[in-house]
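Trainee: Please find one structure pasted underneath; my questions will follow.
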Amino acid sequence: MGYIVSNQLHRIFLYVLVSIYVVWIGVVIEPDTISYVGFSLITPPGYGTFLFVFRKLFGVDYYYPIVVFVQLILCFVSCLYVIKTIQKAFHVDKRLLILIDIILLAPIFVPEYLIVNRIVTQGLAYSSFLMMIAFLIQYLFTNKKRAIWWLIGSVFIGVLVRTQLMFVIPVLIFVYGYRWFTTKDSKRYVVPIVVILLLPVMVSLIQKTFNYVVHDRYTNISSTGLQVMIMPFFVADAEDYKVYDDRKTQEYYKHMYQVAKERKLLDDFYTPYNDNVFHYFDYNFVKISYGILSVEGRKFLRPSDPDSFEAFIENDKFLMSMWFPLVLDNFWKCIDLFYKNVEHGFGGFYMIWLYIILLIASLYFWKTNKEQLAILAFIFLILTICNILLVCAVQHSISRYMIYHQWMLPVLLVLLFNEIGKRTTVIHNIKS
């Protein structure tokens, strides 16, 4: 009994220490903050609305610290809820719980992340994702009938906050599809699967409606042309304007390429030296995406008003129409860069193989022994792979996009130690 009380005190001390650290760091404003505050057309509506509510309640001069405080509380609540759910499903030794606390709280206090202090979507998206995981575990391992709808609802809200969280949707389709296949219970699973399939459409419609109400523009250009065009443009050549038939598109491409060439941002200027081309792409990513494809594109199309809504919308349409022909013309270069991006997202070539081996092993133990931990490991690994693949298709695989899955492998390791400990205790009792 004494060690349980001691463990609880240690956990309380950890949360107090993290709180003090958050207060000490204070508010961190990022370049993207103003986009959310101003309800930019290129951002999803969830986080901007969250900020708007606190700005109206507490005023422009005071609401940032309150937002940080609320984000901290939400992170604490979601961490504790996930841990409680894991504890109930896997009967974790209470002495190990503090390790899971530290792992889940890491994005709050690791200087590279500071998700609570930063006024960007991660402050809400991370908490939303943890709640998704809690409801997913409840659905998989408990008899809570409403968990399926709580899970779908949390995904819907999470995607409105951060579009990246769409990587959860294929996993949910797999989980519910598998349950439908094994139970043949169409009545129970058809409706949830249809709702999940419609989630991206519903989110897009909500964003278009939101932009219409706020900006009088019924459009959704969040995570579209600007993102998908970066990779093929980086590996393209000066002569690639010929893949387009339209004269204006050709001139647009030639102008953009010339500016990028003058600034030495493309792979033509990469010099191999104990390195690979991904790092050059990573280093120049923002300069290409914002500095070239966004700023220069809008200036070319609408030189008189490059910061207008019309300029953003027209530029996005141009980029969307251009990316696929450019990908086809540079297909193997794009594949090579995509692979290097994925490799970096996993943490290296050997880490890719580690995830593949763990995926196969978890699937084997799931199918042969119906081990709950194997099922959870399989789902976590699939979530990790989906997140990395989605990010690498439209972004560079920097760490802030990986916080949603990076905790999964360490937590699985703690749960494995817990399982080994339980079985060792059983064997010892039998021998005694």
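For the sequence shown, numbering that gives the first Met the number 0 assigns the number 0 to the initial residue and increments by one for each residue that follows. Ideal Cβ placement from N, Cα and C applies to all residues, glycine included. These figures come from a predicted structure and were not determined experimentally.
Could you give the DSSP three-state label for R145: helix, strand or coil?
Mentor: Residue state, collapsed to three classes: coil.
Trainee: Within its chain, find whatever has a CB closer than 6 Å to the CB of R301; leave out the 5 residues flanking it on each side and keep chain order.
Mentor: Once the five neighbours on either side are set aside, the close Cβ partners of R301 are A310.
Trainee: Rounding to the nearest angstrom, what Cα-Cα distance links Y46 and S320 in this structure?
Mentor: Their backbone Cα atoms lie some 29 Å apart in a straight line.
Trainee: Taking the alpha-carbon of Q137 as reference, which of D328, V167, P106, Y80 has the nearest alpha-carbon?
Mentor: Closest option to Q137, Cα to Cα, is Y80.
Trainee: Tell me whether Y363 is buried or exposed, calling it buried when 16 or more other Cβ atoms sit within 10 Å of its Cβ.
Mentor: Its Cβ having fewer than 16 others within 10 Å, Y363 is exposed.
Trainee: Look at the Cβ atom of S303, then the Cβ atom of N340, and state whether they are nearer than 8 Å.
Mentor: Contact flag unset, no.
Trainee: What does the Cβ neighbour count give for P199, buried or exposed, with the cut at 16 atoms within 10 Å?
Mentor: Exposed, by the Cβ-count rule.
Trainee: Confirm, please, whether the CB-CB distance from I172 to I195 is below 8 Å.
Mentor: Yes, these two residues count as a Cβ contact at 8 Å.
Trainee: How about the segment 272-290 and the segment 340-350: do they share at least three Cβ pairs that are nearer than 8 Å?
Mentor: Yes, they touch.
Trainee: I'd like to confirm the pairing. Which residues does DSSP put opposite V27 in its beta bridges?
Mentor: V27 is bridged to R117.
Trainee: Enumerate in chain order the residues of its own chain whose CB-to-CB distance from Y112 is below 8 Å, with the five nearest sequence positions on each side excluded.
Mentor: Cβ within range, chain order: A105, P106, Q121, S398, R399, I402.
Trainee: Note down the Cα distance separating I156 from G296, rounded to an integer number of angstroms.
Mentor: One C-alpha to the other measures close to 32 Å.
Trainee: How is N368 classed by DSSP in three states: helix, strand or coil?
Mentor: The answer is helix: DSSP assigns N368 an H, G or I state.
Trainee: Which whole-angstrom value is the C-beta distance of L73 and L123, which I expect to be below 8 Å?
Mentor: Rounded, the Cβ-Cβ distance is 7 Å, consistent with contact.
Trainee: Can you name, in chain order, every residue of its own chain whose Cβ lies under 6 Å from the Cβ of K143, other than the five neighbours on each side?
Mentor: Counting only Cβ-Cβ distances below 6 Å, and skipping sequence neighbours, we find Q137.
Trainee: To the nearest angstrom, report how far apart M131 and W148 are at their CA atoms.
Mentor: C-alpha separation (whole angstroms): 11 Å.
Trainee: Based on Cα-Cα distance, which residue from Y63, V276, L380, I387 lies nearest to L411?
Mentor: For the residues Y63, V276, L380, I387, the minimum Cα distance to L411 belongs to L380.
Trainee: Over the uninterrupted alpha helix (DSSP H) stretch that includes M401, give me the two end residues.
Mentor: Per DSSP, M401 belongs to no alpha helix (DSSP H) and is neither H nor E.
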